[in-house]
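Quick notes on the structure that follows.
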Amino acid sequence: MSHPAPAAQRGTPSVLSLPGASDGLRERLTTGLAAVEDLIARRVDHDDPFVAQASSHLTLAGGKRFRPLLTLLAAEVGSGVNEHVVAAATGVELTHLASLYHDDVMDEADVRRGAPSANALYDNSTAILVGDLLFGTASDIVADLGPEAVKIQAQTFVRLCSGQIRDDRPCPPGQDPVEYYLHVLEDKTGVLIATAARYGAMFGGCSPEVVELLREYGERLGVAFQLSDDLIDIASEAEETGKTPGTDLREGKRTLPVLFVLASTDPADARLQELLRGDLSQDGPLAEALALLRVHPAMERAREHAAAVASRAQAVLDPLPPSEAKDALRALAAGVVTRVG
């Protein structure tokens, strides 16, 4: 049975503040994160000041370091954090940061984490190349961890890009839109979070069975995380998230609540369906669609689905023996779907 979800909170939950984390665990994770931050800073630095500035733009803009924190926590299921775990966590975070540079170009975003996006501050070409540079840096770090880690990094990158490509395209005819969308999320977001947990277990000395268990936990956690992000894009205001609300709607992306509305046969949904099938690039139609969608039952239905995915992530952990790391991982899964920013 899963633990009850905590009250809604702003921001991605940190295991440093979740139930199950003792003072000792928090201290070890804090020390590990500081080592990750130090390695990130050293590896994104560059002899060319412009390259160094552009590469560190999103790093300096902040971020919750959710993925490296998960790597460190997964290692606690085994023998704990060591230099290889720190390197793997850094590789995962740099891969994530690289994908954000590319995301902002694809989304034509103006803001990221409350600061100007890289493509807005520089230009699209620079943002794409910096993303590539960070992908290369991440791969360089992972290469020192051995051939299996390199293979995982490559496979993760392939799935991540595949998910992004399919996310940018409509559901093919004859396929269930919801099923298609959820598979996209497994690749677009789930795979990197799965790799974060997998690396932590691998380099924390866990058995192959536990490594696979934490990989599966991470993938389900990642899908729940993205489902929550999609809801936040609709429900939250810019000051809560540092992002412009309605970005997905403006781009014509059909996230889970939108798919639920479009599948409705209720005549009362006709106006919202018309808006969702139309052009939402202008502020007026976008604001109307957001207002109607925010109060629609599809939002609660999508929240329930995200919570169910998070519960399935928790259930994956059941075979593990009791530990504070296990408790924190369970609480983390509950927390990703109750955040509001």
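Residue 1 is where the sequence shown starts when you use full-length UniProt numbering, and the numbers rise one by one after that. Ideal Cβ placement from N, Cα and C applies to all residues, glycine included. These numbers were taken from a predicted model, which means no experiment stands behind them.
Per-residue burial, residue i [other beta carbons within 10 Å of its own, 16 or more giving buried]
i, result
"residue 265", "exposed"
"residue 13", "Caution applies to residue 13, whose pLDDT of 47 falls short of 50 and renders its modelled position unreliable; the model cannot decide the point."
"residue 137", "buried"
"residue 294", "exposed"
"residue 277", "exposed"
"residue 219", "buried"
"residue 152", "buried"
"residue 146", "exposed"
"residue 4", "Below a pLDDT of 50, predicted positions are generally treated as unreliable, and residue 4, at 35, falls in that range; the measurement from the model is reported next regardless. It is exposed - the Cβ of residue 4 has fewer than 16 other Cβ atoms within 10 Å."
"residue 297", "exposed"
"residue 250", "buried"
"residue 175", "exposed"
"residue 203", "buried"
"residue 269", "buried"
"residue 339", "buried"
"residue 157", "buried"
"residue 50", "exposed"
"residue 333", "buried"
"residue 284", "exposed"
Cα-Cα separation between residue i and residue j, rounded to whole angstroms
i, j, result
"residue 275", "residue 171", "19 Å"
"residue 327", "residue 208", "21 Å"
"residue 45", "residue 134", "11 Å"
"residue 330", "residue 42", "33 Å"
"residue 179", "residue 197", "25 Å"
"residue 39", "residue 59", "12 Å"
"residue 86", "residue 73", "11 Å"
"residue 262", "residue 273", "6 Å"
"residue 279", "residue 103", "21 Å"
"residue 215", "residue 143", "20 Å"
"residue 57", "residue 267", "48 Å"
"residue 52", "residue 300", "44 Å"
"residue 224", "residue 25", "25 Å"
"residue 325", "residue 206", "13 Å"
"residue 84", "residue 101", "26 Å"
"residue 28", "residue 65", "15 Å"
"residue 246", "residue 168", "16 Å"
"residue 311", "residue 319", "15 Å"
"residue 91", "residue 150", "11 Å"
Three-state class that DSSP yields for residue i in the structure shown
i, result
"residue 12", "With a pLDDT of 47 at residue 12, under the threshold of 50, the predicted position of this residue should be treated as unreliable, though the coordinate-derived value follows. In the structure shown, residue 12 sits in coil (DSSP, three-state: anything other than H, G, I, E or B)."
"residue 64", "coil"
"residue 257", "helix"
"residue 282", "coil"
"residue 82", "coil"
"residue 125", "helix"
"residue 30", "helix"
"residue 104", "helix"
"residue 147", "helix"
"residue 304", "helix"
"residue 47", "coil"
"residue 77", "coil"
"residue 296", "coil"
"residue 267", "helix"
"residue 139", "helix"
"residue 251", "coil"
"residue 38", "helix"
"residue 328", "helix"
"residue 318", "coil"
"residue 56", "coil"
"residue 98", "helix"
"residue 22", "coil"
"residue 323", "coil"
Quiz item: Residue ranges of each alpha helix (DSSP H) run of no fewer than 4 residues wholly in the segment 203-246, ordered along the chain?
Solution: The segment 203-246 is shown to contain whole alpha helix (DSSP H) runs of 4 or more residues at 208-235 and 238-241, in chain order.
Quiz item: What are the start and end residues of each continuous alpha helix (DSSP H) run of 4 or more residues lying completely inside the segment 154-186, in chain order?
Solution: Annotation: the segment 154-186 contains the following complete segments of the alpha helix (DSSP H) (minimum length 4 residues), in chain order: 177-185.
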